[in-house]
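One line per chain: the protein sequences are A and B, in this order. Under our numbering, the letters of the first sequence match residues -4 to 284, in that order. Under our numbering, the letters of the second sequence match residues -4 to 284, in that order. Every residue, glycine too, gets a C-beta built ideally from N, C-alpha and C. Here the structure is a predicted model, which is why all the values come from computation and not from measurement.
There are 2 protein chains.
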Amino acid sequence: MPLTSRIQTAVDTAIRTGQAGKAPPQLARALDYAVNPGGARIRPTICLSVAMACGDDRPAVSDAAACAIELIHCASLVHDDMPCFDNAPLRRGKPAVHKAYGEPLALLTGDSLIIMAFEVLARAAATDTERAVTLIRVLGESTGMPGGICAGQGWESEAEIDLGAYHRAKTGALFTAATRMGAAAAGADETAWTELGARIGEAFQVADDLRDALYDADTLGKPAGQDAINNRPNAVHQLGVRGAIRRLEDILSGAIASIPSCPGEAALCDMVRKTAERLTPVLPAHHLA
Amino acid sequence: MPLTSRIQTAVDTAIRTGQAGKAPPQLARALDYAVNPGGARIRPTICLSVAMACGDDRPAVSDAAACAIELIHCASLVHDDMPCFDNAPLRRGKPAVHKAYGEPLALLTGDSLIIMAFEVLARAAATDTERAVTLIRVLGESTGMPGGICAGQGWESEAEIDLGAYHRAKTGALFTAATRMGAAAAGADETAWTELGARIGEAFQVADDLRDALYDADTLGKPAGQDAINNRPNAVHQLGVRGAIRRLEDILSGAIASIPSCPGEAALCDMVRKTAERLTPVLPAHHLA
Chain A
-4 MPLTSRIQTA VDTAIRTGQA GKAPPQLARA LDYAVNPGGA RIRPTICLSV
46 AMACGDDRPA VSDAAACAIE LIHCASLVHD DMPCFDNAPL RRGKPAVHKA
96 YGEPLALLTG DSLIIMAFEV LARAAATDTE RAVTLIRVLG ESTGMPGGIC
146 AGQGWESEAE IDLGAYHRAK TGALFTAATR MGAAAAGADE TAWTELGARI
196 GEAFQVADDL RDALYDADTL GKPAGQDAIN NRPNAVHQLG VRGAIRRLED
246 ILSGAIASIP SCPGEAALCD MVRKTAERLT PVLPAHHLA
Chain B
-4 MPLTSRIQTA VDTAIRTGQA GKAPPQLARA LDYAVNPGGA RIRPTICLSV
46 AMACGDDRPA VSDAAACAIE LIHCASLVHD DMPCFDNAPL RRGKPAVHKA
96 YGEPLALLTG DSLIIMAFEV LARAAATDTE RAVTLIRVLG ESTGMPGGIC
146 AGQGWESEAE IDLGAYHRAK TGALFTAATR MGAAAAGADE TAWTELGARI
196 GEAFQVADDL RDALYDADTL GKPAGQDAIN NRPNAVHQLG VRGAIRRLED
246 ILSGAIASIP SCPGEAALCD MVRKTAERLT PVLPAHHLA
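And the structure:
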């Protein structure tokens, strides 16, 4: 089965389980609305690619890992879009969850998706208990305090931001989760896979900075120029457009160099290169002169 | 060690772990603010009492279970108090987290405490992997969708409420989690302990309805009469004060009758009776005539 189908099947199964029985109907619908149609599913794709590079000998566990990461990512988008954070009316080209369902259900949708991610991993224990526990531990580290995406978001409430800690937590944590959990799902040593995830996370951050600075809301499917409006650090402001693109290329070379020796190393290098191409923004004409 | 010390030590250890390293300072402080000083710690006390009744042969696992339940409970209070839900300025006699730290950090505090609860259980896998996985599964069921406290809160956004599902999820789920997880932490069959938790949850709901209807904000340490203001179902509106108190007594008799046979059955019956006494409100004078 292609990666995209594996991810979609795992996500749909998780959502249906959360909607079963006597669930409150609107919240049940909001769960699906928050995850479908998905974005690029970059994090779970990286997770499954690493799992396959490491042998993917327990596909059910790999699918659970990929699904859990995507659920957490969607939860973070729902909460980040709320009025007390980005106050973003649009996400993936449609009204954000709090616009479609109201703030109370948006808050609960995020909470429910976070919990669902851990439940998906707990169910994977039926296939492999030790690996499931490792995955739960890594997902927790990558999501909560002191170093997960909650911590990253928390830095935005500080007068003085530790930029390294901020980026590692806000964007990097779910990418390192993706590579570490892909490896752990396939029984490999997850600690060897942190650097690849960190490099991909850095690349993604620079690419996101470029898109935020260069694209309009129609192209992005969400409001543009938010970093400048919210006074957040952005690589384009620091390095200029061409400098940021050079940085992106350097980071991705480093990412490929960091891949640990594994059975599917060549295919994984190829995946990282393709991700790099997808990440690099097409420059608007006035930047190409 | 007395139960209250075991619970406090476990909660403090979890919070310190979440504050370690390069954590954003305000969010780190808000985590502690949200759980200390605690309320009555009723749910973790029930959890540890059941674990002890079942032999408590892995105290570290029992402590993790009790701590996880308390962290989830505190997370739910932080989110429930926010402006989009109860908009409650006070909690446990001090400003609610969103009043003390602002809405963004309140949202993140709740998220972080939810995640921390699962991390605490994942760490307990070092002592007993199988039990830790069971605890994670039960905590997920009790917290998320379709039947956990998120679902319970979700019912409040529906035009037509399924009252049974609402109460089971909103209040009952964390009490059944307390009894089930206490049993599971001690290696007993958790499914036999659902009814005790459900009965205690019902009793707690009726007691809470009585306090909400009878007490003023100073006595409660939070705004009074919120059920009437928010048009939520309340046993006092349905049965009157004396009817509600009779209902409370009947439920607690049923709770004691439901306790499964276990080594510490007598002590557990005693704990339930004491909880009952603590729950039953002291009636203001004009209701005693």
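| Check | Outcome |
| --- | --- |
| Cβ of Val6 of chain B within 8 Å of any chain A Cβ | no |
| Where Asp106 of chain A falls, given that 16 or more other Cβ within 10 Å makes a residue buried | buried |
| Residue closest to Phe113 of chain A, alpha-carbon to alpha-carbon, out of A:Gly139, A:Arg268, A:Lys94 | A:Gly139 |
| Closest residue to Cys145 of chain B among A:Thr270, A:Ala154, A:Thr129, A:Pro99 (Cα-Cα distance) | A:Pro99 |
| Arg227 of chain B in three-state terms, based on DSSP | coil |
| CB contact below 8 Å: Gly192 of chain B versus chain A | no |
| Beta carbon proximity, Gly142 of chain B to chain A, threshold 8 Å | yes |
| Lys89 of chain B (DSSP reduced to helix, strand or coil) | strand |
| At least three beta-carbon pairs within less than 8 Å, the stretch 60 to 68 of chain A to the stretch 34 to 46 of chain B | no |
| Burial state of Leu288 of chain A (16 or more Cβ within 10 Å) | Since the first residue shown for chain A is -4 and the last is 284, residue 288 of chain A is missing from the structure and cannot be characterised. |
| Close beta carbons around Cys79 of chain B, own chain, < 6 Å, minus the five adjacent residues each side | none |
| Below-8 Å beta-carbon distance, Gln3 of chain A vs any chain B residue | no |
| 8 Å Cβ cutoff, His74 of chain B in contact with chain A | yes |
| Boundaries (first-last residue) of the alpha helix (DSSP H) holding Asp106 of chain A | 98 to 119 |
| Within 9 Å of chain A by C-beta, residues of the stretch 77 to 98 of chain B in sequence order | Met77, Pro78, Cys79, Phe80, His93, Tyr96, Gly97, Glu98 |
| Ala198 of chain B: first and last residue of the uninterrupted alpha helix (DSSP H) it sits in | 189 to 209 |
| The stretch 121 to 136 of chain A touching the stretch 1 to 9 of chain B, judged by at least three CB pairs closer than 8 Å | no |
| Below-8 Å beta-carbon distance, Leu158 of chain A vs any chain B residue | no |
| 8 Å Cβ cutoff, Arg11 of chain B in contact with chain A | no |
| Assigned secondary structure, Arg268 of chain A (DSSP; H/G/I helix, E/B strand, else coil) | helix |
| Nearest-angstrom Cα separation, counted from Pro54 of chain B out to Gly97 of chain A | 43 Å |
| Any non-hydrogen atom of the ligand FAD closer than 7 Å to Pro276 of chain A Cβ | Summarising the ligand content, the structure contains no ligands, and the ligand FAD is consequently not present. |
| Pro20 of chain B: first and last residue of the uninterrupted alpha helix (DSSP H) it sits in | 20 to 30 |
| Residue-level contact to chain A via CB, Lys17 of chain B, 8 Å cutoff | yes |
| Outcome for Ala284 of chain A when other beta-carbon atoms lying within 10 angstroms are tallied against a minimum of 16 | Bear in mind that a pLDDT of 44 at Ala284 of chain A, under 50, signals an unreliable position, so the number given afterwards is only what the model happens to contain. By the 10 Å Cβ count, Ala284 of chain A comes out exposed. |
| Closest by C-alpha distance to Ser253 of chain A, when choosing among A:Val277, A:Val231, A:Leu191, A:Ala208 | A:Leu191 |
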